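In terms of the numbering used here, the sequence shown opens at residue 445 and continues consecutively.
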Amino acid sequence: MIADLRDFLLHHHPFDQLTADERERVHGAARQREFAAGQVVVRPGGPVSKCLFIVAAGSARLERDAFTGRTLEEGDCFGYPSILSGNSPTAAVVAESDLTVHCVPADVFKGLLGNAAFAEFFLKDLGERLRLAAASAPGTLGGELTTPVGELGLRPLVRVAPDATVGDAARAMGRAGEDVVLVDTLPPGIVTDHDFQTKVLAEDRGPATPVREVMTPDLKTLPADTPVHSALLYMLEERIHHLPVTRDGDLVGLVSATDLLRHQTRNPLYLTRQLERLEDPAALATYSANAAAMIERLYGGGLKVAQVGRIFSSVNDTLMRRLLRLAETELGPAPCPYAWLVFGSEGRMEQALITDQDNALVYAEAGAAQAAYFARLAEVVVGHLLTAGFPECPGGYMATNWCKPLGDWLELMRGWIETPGPESLMMVGIFFDFRSVGGGLDVGAMEDVVTGAADNQIFMAHLARQSLGFRPPLNFFRQIQADDGMVDLKTGGIAPIVASGRVLGIAAGTRERPTRARYEAAIAAGLISDDLGQTVIETYRFLLGLRLETQLRVLRERGAPDNRIRLKDLSSRDHRHLKDAFGVIRELQEKVGHRFRVNLLG
């Protein structure tokens, strides 16, 4: 049953911002219309919208270029971008089910824009739409992020025979005007202009040198249908600058980092290249701003928040490795192998904006000389990270405080498992998300301690109970509880999913760190149902996206982003989804508590 329009307006933002007289004006002018499932309500390129449509019942799809942009549900509006701009609609709206809408005439809608609180919703939303449209305009990186690399205009392949010399390869490159050549060995190899500099000139080799001796064997390739964002990430993680492309198994062309370096500081490959060439850490003062611009570009270009987090984490990994090399240049060679560890969202490769530092250092051999060297190295690198915009961790979980030989780390980690008190469990929640990003020391023994924890059922029960300490903010009536109108998405939503995922991931025996991968491993191991696991994964994606959207908006307004959102800023649809998300977390926690027999702990 469709609610009375007066009551409907009172319970849906932004119409709840209207005065009683304004709502009465809407009630008197609005007309109700019905559309059957599949019927087109708005056509792109058609006449300027004559009314504001408000979904009263059912759902519709907002589509652009045959792409389902989003679902419109009860309380959602459409048609207003055309009214405000005076232009034809740019997107189609199609009834997804039998659809009922309230139609408010355009002149009545425009008259309501004198109410600032009401107008802000539509004008801000239109600005956001225009920003996204600009980000995905043809010819920009944002619009190409989901484009297959095979459609980018690939460079031609320059090839030489297996018995070619360096001179032959150089001449072939010169004739083609390219800086890379493929060697037709089995499997094929690749030689770049950079290889000539580092493996030929630097080693006083001549043009008669067989090209086999300087090529990189085992050519890395990607299929032509690979999205640009995946190619970007692959090149970042593999640290390569030239990527041959295949179609049906055959090499068809090549894409290079240079081809993708179009938007300078907003491009992850550009940032990575700048970091690889960094000599003066003082130049990192702009890193935070450049990173934020890159993240907004990636997210505005259509990437999911998990993809953004993985790309940003890869860029940060490059930063860490470069700072470690600079520190070694300053302090001299390390006295023994070591590893620089990161934790938290960076450890899980889910960091979507710069956050507090969470890092540590582990080195192979105990001794006074080693301790002194690595304490100084930690101090230098942490200081440079401060310059780059990474604040100190309020809890002190940084390498300047957590710098120990491998044996000490193993003893600590085993102790946390054997005596799972509150402090030990807090340490597990921090350090068991570790990931090595530089230094070269094999930390497999630490990984073994984490995966071996699954055999200690008492520890697992305690860890599960600790994960239940993060409670979603729902009251007895399943309504969202706000603190002064604000909800902390991290403590009420993101943290409980991460904590439960950590427990399930350890129990499943996976060494994967990303939260999604942990839930997928738990599903495969039969620890949770596929239905619940996939729902939690989607819930996590929604919460991360909602937080990032809010944080980026705060940054644009030159504010300081945190983890909180203001409930009144949410659309009725997002408000409903947030309530559903918190309900999913409650169900997840019930399952985790039951699975690990938390009730037996007393």
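We put the CB at the ideal spot given by N, CA and C, even for glycine. In this text the structure is predicted, and so the values were computed from the model without any measurement.
Counting the other CB atoms within 10 Å of its CB gives F914 a total of 16 or more, which places it among the buried residues.
If you compare the alpha carbons of V624, G693 and I739 with that of D639, the shortest gap goes to V624. Within the same chain, and ignoring the five residues on either side of C547 in sequence, the residues whose Cβ sits closer than 7 Å to its Cβ are A474, R475, R477, C495 and F497. Between the region 656-663 and the region 630-646, the count of Cβ pairs shorter than 8 Å is three or higher; the stretches touch. By the C-beta density criterion, M870 is exposed, having fewer than 16 other C-beta atoms within 10 angstroms. As a beta-bridge residue in DSSP terms, P549 pairs with C495. Inter-segment contact for the region 1015-1025 and the region 977-989 is present: three or more beta-carbon pairs are separated by less than 8 Å. Counting C-beta pairs with one atom in each stretch, the region 681-700 and the region 641-652 have fewer than three that are closer than 8 Å, which means they do not touch. Contact between T762 and T716 holds, with the beta-carbon distance rounding to 5 Å and staying under 8 Å.
The DSSP assignment places complete alpha helix (DSSP H) segments of no fewer than 4 residues inside the region 924-982 at 939-952 and 959-968, in order along the chain. Per DSSP, the unbroken alpha helix (DSSP H) holding H471 starts and ends at A464 to A473.
Straight across, the Cα-Cα distance linking L767 with G833 is about 14 Å.
Under the criterion of beta carbons closer than 8 Å, G977 and A966 qualify as touching, at roughly 6 Å. Around the beta-carbon of I941, 16 or more other beta-carbon atoms lie within 10 Å, marking it buried. For G865, the three-state secondary structure derived from DSSP is coil. The C-beta of R741 has 16 or more other C-beta atoms within 10 Å across all chains shown, which makes the residue buried.
The C-alpha of E1034 lies about 28 Å from the C-alpha of D928. Going by C-alpha positions, L885 is about 37 Å away from G746. Annotation: L557 to Q461 spans about 11 Å, alpha carbon to alpha carbon.
Residue state for V658 is assigned as coil, using DSSP reduced to three classes.
With contacts defined by Cβ atoms closer than 8 Å, S526 and V484 do not form a contacting pair. In terms of CA proximity to G859, V893 leads the group G472, V893 and A737.
If you draw a straight line from the Cα of F522 to the Cα of N734, it comes to about 34 Å. DSSP, read as helix, strand or coil, puts P525 in helix.
In the same chain as F876, and ignoring 5 residues on each side of it, the C-beta atoms closer than 6 Å to its own belong to V894, in chain order. In the same chain as V881, and ignoring 5 residues on each side of it, the C-beta atoms closer than 6 Å to its own belong to D761, M764, W784 and V786, in chain order. In this structure, DSSP gives L687 an extended state, which the three-state scheme calls strand.
Rounded to the nearest whole angstrom, the C-alpha separation of F565 and D1013 is 8 Å. Between the alpha carbons of V887 and A804 lies a distance of about 13 Å. The residues T954, in chain order, have a CB closer than 7 Å to that of A961 in the same chain once the five nearest residues on each side in sequence are set aside. At least 8 Å separates the beta-carbon of G502 from that of R1017. Boundaries for D1013: no beta strand (DSSP E) harbours it, and the DSSP string shows neither H nor E there. Under the three-state reduction of DSSP output, G840 falls in the coil class, being neither helix nor strand. Restricting attention to alpha helix (DSSP H) runs no shorter than 4 residues, the region 751-822 encloses them at 788-791, ordered along the chain. For the region 879-919, the full-length alpha helix (DSSP H) segments reaching 4 residues or more read 888-896 and 901-911 along the chain.
By the criterion of at least three beta-carbon pairs nearer than 8 Å, the region 820-828 is not in contact with the region 848-865.
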